[in-house]
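Visitor:
4 protein chains.
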Amino acid sequence: MSHSEILAASGLTEAELTGGTLAVHTPVDGSEIARLAMHSVAEADEMIATAHEAFLQWRTVPAPRRGEFVRLLGEELRREKEALGALVTLECGKIYQEGLGEVQEMIDICDFAVGLSRQLYGLTIASERPGHAMRETWHPMGVCGVITAFNFPVAPWCWNAALALVCGDPVIWKPSEKTPLTALAVQKICDRVCEQFGDDAPKGLTQVLIGERDLGEALTANPKVALISATGSVPMGRAVAADMSKRLGRTILELGGNNAMIVAPSADLEMALRAIVFSAVGTAGQRCTTLRRLIVHEDVYDALVPRLVKAYAGLPIGDPLAEGTLVGPLIDQDALSAMDKALVQAQAEGGTVHGGGQALAESHGAAAYVNPAIVEMPGQSAIMHHETFAPILYVVKYQSLEQAIDMQNAVPQGLSSCIFSTDVRETELFLSAAGSDCGIANVNIGPSGAEIGGAFGGEKETGGGRESGSDAWKGYMRRQTNTVNYSRELPLAQGIKFDI
Amino acid sequence: MSHSEILAASGLTEAELTGGTLAVHTPVDGSEIARLAMHSVAEADEMIATAHEAFLQWRTVPAPRRGEFVRLLGEELRREKEALGALVTLECGKIYQEGLGEVQEMIDICDFAVGLSRQLYGLTIASERPGHAMRETWHPMGVCGVITAFNFPVAPWCWNAALALVCGDPVIWKPSEKTPLTALAVQKICDRVCEQFGDDAPKGLTQVLIGERDLGEALTANPKVALISATGSVPMGRAVAADMSKRLGRTILELGGNNAMIVAPSADLEMALRAIVFSAVGTAGQRCTTLRRLIVHEDVYDALVPRLVKAYAGLPIGDPLAEGTLVGPLIDQDALSAMDKALVQAQAEGGTVHGGGQALAESHGAAAYVNPAIVEMPGQSAIMHHETFAPILYVVKYQSLEQAIDMQNAVPQGLSSCIFSTDVRETELFLSAAGSDCGIANVNIGPSGAEIGGAFGGEKETGGGRESGSDAWKGYMRRQTNTVNYSRELPLAQGIKFDI
Amino acid sequence: MSHSEILAASGLTEAELTGGTLAVHTPVDGSEIARLAMHSVAEADEMIATAHEAFLQWRTVPAPRRGEFVRLLGEELRREKEALGALVTLECGKIYQEGLGEVQEMIDICDFAVGLSRQLYGLTIASERPGHAMRETWHPMGVCGVITAFNFPVAPWCWNAALALVCGDPVIWKPSEKTPLTALAVQKICDRVCEQFGDDAPKGLTQVLIGERDLGEALTANPKVALISATGSVPMGRAVAADMSKRLGRTILELGGNNAMIVAPSADLEMALRAIVFSAVGTAGQRCTTLRRLIVHEDVYDALVPRLVKAYAGLPIGDPLAEGTLVGPLIDQDALSAMDKALVQAQAEGGTVHGGGQALAESHGAAAYVNPAIVEMPGQSAIMHHETFAPILYVVKYQSLEQAIDMQNAVPQGLSSCIFSTDVRETELFLSAAGSDCGIANVNIGPSGAEIGGAFGGEKETGGGRESGSDAWKGYMRRQTNTVNYSRELPLAQGIKFDI
Amino acid sequence: MSHSEILAASGLTEAELTGGTLAVHTPVDGSEIARLAMHSVAEADEMIATAHEAFLQWRTVPAPRRGEFVRLLGEELRREKEALGALVTLECGKIYQEGLGEVQEMIDICDFAVGLSRQLYGLTIASERPGHAMRETWHPMGVCGVITAFNFPVAPWCWNAALALVCGDPVIWKPSEKTPLTALAVQKICDRVCEQFGDDAPKGLTQVLIGERDLGEALTANPKVALISATGSVPMGRAVAADMSKRLGRTILELGGNNAMIVAPSADLEMALRAIVFSAVGTAGQRCTTLRRLIVHEDVYDALVPRLVKAYAGLPIGDPLAEGTLVGPLIDQDALSAMDKALVQAQAEGGTVHGGGQALAESHGAAAYVNPAIVEMPGQSAIMHHETFAPILYVVKYQSLEQAIDMQNAVPQGLSSCIFSTDVRETELFLSAAGSDCGIANVNIGPSGAEIGGAFGGEKETGGGRESGSDAWKGYMRRQTNTVNYSRELPLAQGIKFDI
């Protein structure tokens, strides 16, 4: 499909795509594909007010009925999977297979959220007082602001929105200014769902804010936004956290990762090789869960690393819409510069760089295609403590597993991690209290590509938030502890006596 | 028991109680009872470093064994209940019955935590990939800083410590500078437990920081403190949240409450009367869950409020150590001034004040005894949106339950709330998504006096944290999502194809 | 739609509907609508063997993929809702609205089960031994035999099948010999789903056994059937339990109910009236949750019972396919005789009968239409301890709630129960440990019409099984407790010393 | 300690120990140590009636208060650990270390149950109807009959009793007629706890039935016994199940095991060796979790089995009260005969027997000391499908893990199992849906010695029951699903329309 066909298939009209001030470029060839109108802060506040009105209605719609909304959303997404997947690719540059994968993740979380809509389990709890019933229920929280990053333009919204909607919270979405089109396309889908759903869906149940950082700040500043779920860089997360701390508002933060793999002597190297390549160069190294650090036991280093360098050399780089491409472009020229800079620093710190540098410069000069880089490092130096959003894989050696785990844990980020080993003593140690300090720790698979059934997120500078599966839905609700006295006495807890 | 007997029974030595710069006064008569040495920030950092070393050891002690530590702590507290209860009374001024209740709460949470120590349940989760096992485990988090307030000098520490210790986290406690003695006495108990427990208990498992605000800041600033659990005022909570947002650290905040009771026409007024008095004047109105706002249906207003005023007039005010006393002193003269000021403002806003003003001025002039106040208000005016830490109960009328709930929810705090009604339609509505917006919502009992089995905490400016029962223990651990591939294939989630 | 149109719309072919020995009559007019071939016991054993082979494959299909099968089943049921609902009405005689409701319940449980397919949560558990990980997982159980009754010909199958399939268990269905057509129609739907689903769905994943009691016995006798879930009468349940006890096999039993409503003085009588009529005469009194006993406080007896008798007199009885009908026929003449007999006994025990007796005898003589009956009883006599599957409602008076609860609990069955009261003290007492002894206890709704989100089933002679929501899915899986030692030591639990 | 000192320390009086018709022999030397009065069936029925009265009171005592009872029980058991442990050894013959371990298990479950007493969590559940609240609560069940076996004379009672008591169920205990003394000693401890506890503990809260099979039948026959939890042989379990099926009563069955270990090529053989010996000869092979089948990979067979034979030859057999003894006596001469018979059959089926036969015949002729036996088998023959309650370990070879798992699963019992392997692919497969079919499956530890935190029990002929940790407590309570309509409407589930 051509770029214009993809845009047409997205349902966005010419009028919507033009006439504004926010220029949208496709990383595929660097060309401008739209120029969108941006919202003002005042408009944002109006939209928040509408969302709050929606909340007052939506919270009393029974949760299974709210689940039906999300079920319909899932059905629409199934219908639009190819069209939306292609738009994802066009707008953010990831290969089409990954674009489809992102939409599939949206579908999966909708299915999951539908099931949740008949659960949202609180507890009934044994009370210490006769004639008293104690319980805990979970109630809708309020308007949920969702801030997303360019690299996953749609799935994280859906992780948040599917849960938030089922939990009774309207959603206002501030997408990256680099990927607003997919957001608008998803909003169109939501609009269709609203129509099918009927009157129970209040006006403003889902909304999109198009613009820049000031709109994110409009969300954090407005007390009617009960919750901000933000995906992005650590500085962005710090800013959101600082803003929200002023009003003691709630956040779910999914920030940077600096994800490692430990390759143990007993590892299946063939499998490790494939996992490394997918994890390190998938999405051109721009996943928050991208593999960035490879910690290889000295005994298998020589059996693995040269093969890896060779595999890198043969990777098909090019148009992410073309079949067969495995490495698409970086999002923009800034990303290319950051990559170049990091490689220079790595070399300065003793690293040996394989690959790197711009690719397809003649044919795609306006775009930011690069050769993925492997950097053999003498140790875990300063650059390795930073997340550079590009396909750079640092490789270091280790002698003992304890040392490898220490290296894995020595960075400020705490998102994802993995070990390749067939030794259960090693794998279980890696997953234990004395093992990886990340929110995600895998065995014999890479650090990326989480299933939606587990809770997704990480510790330390990654921000501590959890999205998606397990009991992540609790982040979107408020908990209420109830004690009901149905007796004719008034005993006090802890056996206190207080007789007036 | 005399004050000196109480001090002696606490196990604190003369040397410990004297020679420092932090003067401790008892609110019972305003006299100085100790002058303690304060820690410097440098010492605090050393103690944190020790605690971190303790963490590295303690996290690998099996949780049920950690539970045994807490069981022994509970046993020691049982033995020391009277001595510690009396010291609580001496230091913070609550009546002895409440002092005992606070220790009982410590004991209860220990029992509960012991049970938890064989649970700390994560999940095994169905994976979408063949030959893959997915699960979620909870691991120790790191050093836990606990900041507590004068009004509950010991129980909140224990809510935090019992859970934190079982969860694998050493605890550093910064008590209120107004109530450091009880903290030191509890640390003595912990020292004895460590001795009984043996080598598994690392040095620095529990520690106490004596001093002022700078020590709290030492905790929030130090990245080795993984978690701060802070109880206190909203400004204090905001400061902690802002500090922690800089390093994206974790907090559990239990801040101010502004708790209301709705009295419906069908209420059992006799029972309501008793609940109101205990909730409003217990701990001399200095509980975070103290009843501060009484929202009475117009049909029962006249049957209730005059009786309440009369009951207040007969309350025994005096030495909290004396049997029969129900109202002890405020913590200090500042609290008395704040109460006076609030009553002046309330009158300015149209209120009719019953009671108020200093009590026992002749006999206890250095102390801050007061007459609890009832203020009949024409509506929910500005003063009613503020938490004044004193026994002031504002009373307003309502016509419809929806209106009463709106008033209840209109304040910035969201800790505790209750309704007195025998109508199940009213009580369930009050507990529903459209009802109280507080973390605690009770029926036919007052807002205070929570059992430890439920999660304790509140929404909005109350800070969102939860302590004590239910799954509050999760706040002290880090969650890890694991996927283990035990097959010989490497399928990707969401069915993505990526073949190198 | 005519009967033949309904049959045609079901997808069953002429060849399938004729030529056998099992005559199927519609209770609508008593006419024969099919004559089906019956399976032999030998065929049943072959089908079980096939199902067991299916199990060995299906158990290793990832649960979320199994969930996709159930999602597709739900989609097909949405498409066939009207056709299948009409067939339900034709075959078992319940009114079309209830036929649709039954299919809706199938759809709902499919949605719920899809969500479960990414959960099936076991636990990770804190181990008392260093270097040990403890957890609990749930695994597929084996072939699940489902035995259903005529009155809910399709929904209970789906409650069981949706969960069993997601849990990894193939299903063999033995429907009532009175309602085999709907079972065959559902199997057709399953066949279509299998085709869409592809090779992951093994042959024999769902199967239907057409015939009589010997086929049920073939299921209970065969050790390859790991689990029998049976809905029906108490004698049937006892027989299944006795058979399964021989091989220590697992059962889920949903047997008789003898459901009561308590109407308290504070009840909303208007609402109670409507709830009573729906609960007592819906499905012509042939629900397992049908209201059979009405326990009315003496103070409201006269305000309620005469109105109820009057409402009964005006109920539209007739063709269940016709719009406006609220009372369709009994299943057959035997049911009519049983009703007559019960009314005779009730009179002998002092009851005053309102209504009762055959209706529409001239026009529908071959069918078993009846006038629903209300019987005012002097006390809870012998007949009231029995479940007569017909629209008979016994009414007794009570003085105190304790007495009413005692009456409610005095029967051998323990399925469903309810109270109409607006007094929260009464409603909570009714739901407490000292209240109703039934598996279901409702407030201000009737005993029937459960949502699929809760666990469905009852105690005592009702058999103790639970189906549908909550953690009922555990009944379809086997639990495994795992301890993994990843250390190099071999400590024993409980600190036992045993050194060789 | 001498036998008489042990008896004296147990608190049982001379009068209690003599004068009856039930002769109690110690397996230590075969001598008679007591002659107890037996209860009649009529007395049993009276005791059940008393227990039912106790139930009516106990169910309304708040669960945390019930937990306090169990906490006091745990404290008493701590005090009596040595005395009771010695009596266990004297009466059932297990070595003193194991006697202590059994009491420790009682203490552990008490600690766990105390924690549970503030949980007993049901669920609050999202309802599909507006103005409706759905929840699920767990209520006390009724009198719990506990039937125990000689080999664990006290711990299984406590697993059941600690949970049952916390759950609100009085307990009647029918111990093995071979080990009634420990039961009486435990009842003495309970009596002391009742005294400390005060009036909340009703008469008959725990009771012991001394006698034979007819008393077990008295429990199964009496409808006031809501639940039977029985530990013992498969025939006993079948009888209990058949009896209870008649009245559709509830059972928890812990029956026979036939537990296997798979030793893989990658296993730590040193560790395996120790685990095998403890699991196979501990309690003289009379644990339900005793290792009975050893499935060894052909590549390590020769490295393991000869060492094992040698280790067996050196095992210290003798007086279980003597320090250093690892193998005490069988319970009686019948057990010895059964062992001899099994070895004869094993030889007939091609086995090579190492060890076996009576030991210490001269010195302890009246007792049944034996040499533990290892039998190398050519394949898994008929005798290996049977549980012989004696220290016989059958050893077979395997080639592939799938084959080993098939052998492991091919027996009718399904209690415990384990694998020794360091290969995570093998260990996870063993724990997967396609792995062990047992209720317990371990890695790198033996099949015996479960911690109380996990659910204990097994599948197939083992009976399906679960005791001890996880949510096993649910087996002692009845579940109630509640829907509360607090609206003024009466919507029906599934959207059914039914307007009168």
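Residue numbers (the UniProt record's numbering), protein chains in the order written: chain A, 1 to 500; chain B, 1 to 500; chain C, 1 to 500; chain D, 1 to 500.
Don't be surprised by glycine CBs; every beta carbon is placed ideally from N, CA and C.
1) For a contact meaning CB atoms closer than 7 Å, what does B:Q494 contact in chain C?
2) Could you check whether C:S10 and C:A185 sit closer than 8 Å to each other, using their CB atoms as the reference points?
3) Since B:Q119 meets chain A, which of its residues come closer than 9 Å, beta carbon to beta carbon?
4) At which residues does the beta strand (DSSP E) containing C:H354 begin and terminate?
5) Could you say if the segment 394-409 of chain A and the segment 405-416 of chain D meet the contact criterion of at least three C-beta pairs nearer than 8 Å?
6) Going along chain D in order, which residues have a C-beta closer than 9 Å to the C-beta of C:S127?
7) Decide if the segment 187-205 of chain D is in contact with the segment 91-100 of chain D; the criterion is three or more beta carbon pairs, one per stretch, under 8 Å apart.
8) Would you kindly work out how many angstroms separate the C-alpha atoms of A:G131 and C:I331, rounded to a whole number?
9) Is C:E288 helix, strand or coil when you go by DSSP?
10) Given this structure, state the Cα-to-Cα distance separating B:Q380 from D:L56, to the nearest angstrom.
11) Got a sec, what are the start and stop residues for the beta strand (DSSP E) D:F420 sits in?
12) With H, G and I counted as helix, E and B as strand and the rest as coil, what does DSSP make of C:G245?
13) Does DSSP classify A:K474 as helix, strand or coil?
14) Does any CB atom of chain B fall closer than 8 Å to the CB of C:E270?
15) Can you list the residues of chain B that C:V443 reaches, using a CB-CB cut of under 8 Å?
16) State yes or no: is the beta carbon of C:A410 nearer than 8 Å to at least one beta carbon in chain A?
17) What does D:P170 reach in chain C if we use C-beta pairs closer than 7 Å?
18) Output the boundary residues of the beta strand (DSSP E) element that contains B:K397.
19) Would you give the residue range spanned by the beta strand (DSSP E) that A:Q207 belongs to?
20) Output needed in chain order: residues of the segment 121-153 of chain D with a Cβ under 8 Å from some Cβ in chain C.
21) Taking the straight line between their C-alpha atoms, what separation do you get for B:G475 and A:S229?
22) Can you check whether the C-beta of A:E428 is within less than 8 Å of a C-beta belonging to chain C?
23) Could you tell me whether the segment 150-170 of chain D touches the segment 43-62 of chain D, using the rule of 3 or more Cβ pairs below 8 Å?
24) Considering only the beta carbon of each residue, do B:G211 and B:E177 sit closer than 8 Å?
25) Which residues in the same chain have their Cβ closer than 6 Å to the Cβ of D:R287, if we skip the five residues on either side of it in sequence?
26) Taking DSSP as the reference, what is the three-state secondary structure of A:A366?
27) Which stretch, first to last residue, makes up the alpha helix (DSSP H) that contains B:V171?
28) Would A:F420 count as contacting chain C if we go by Cβ distances under 8 Å?
Guide: So, from the listed chains and residues:
1) Residues of chain C passing the Cβ test: none, with the nearest at roughly 11 Å.
2) yes
3) None at all; the shortest Cβ gap to chain A is about 14 Å.
4) 352-355
5) no
6) E451, G453, G454
7) no
8) 45 Å
9) In the sequence under discussion, the amino acid at residue 288 of chain C is Cys, which differs from the Glu named in the question. The answer is coil: DSSP assigns C:C288 none of H, G, I, E or B.
10) 48 Å
11) 416-420
12) What sits at residue 245 of chain C in the sequence shown is Ser, not Gly. If DSSP states are grouped into helix, strand and coil, C:S245 belongs with the helices.
13) helix
14) no
15) V424
16) no
17) Neighbours of D:P170 on chain C: none; closest Cβ ~14 Å, over 7 Å.
18) 392-398
19) 206-208
20) L123, I125, A126, S127, E128, R129, H132, M134, E136, T137, H139, P140
21) 19 Å
22) yes
23) yes
24) yes
25) S448
26) coil
27) Premise fails: B:V171 lies in the beta strand (DSSP E), 171-174, not in any alpha helix (DSSP H).
28) no
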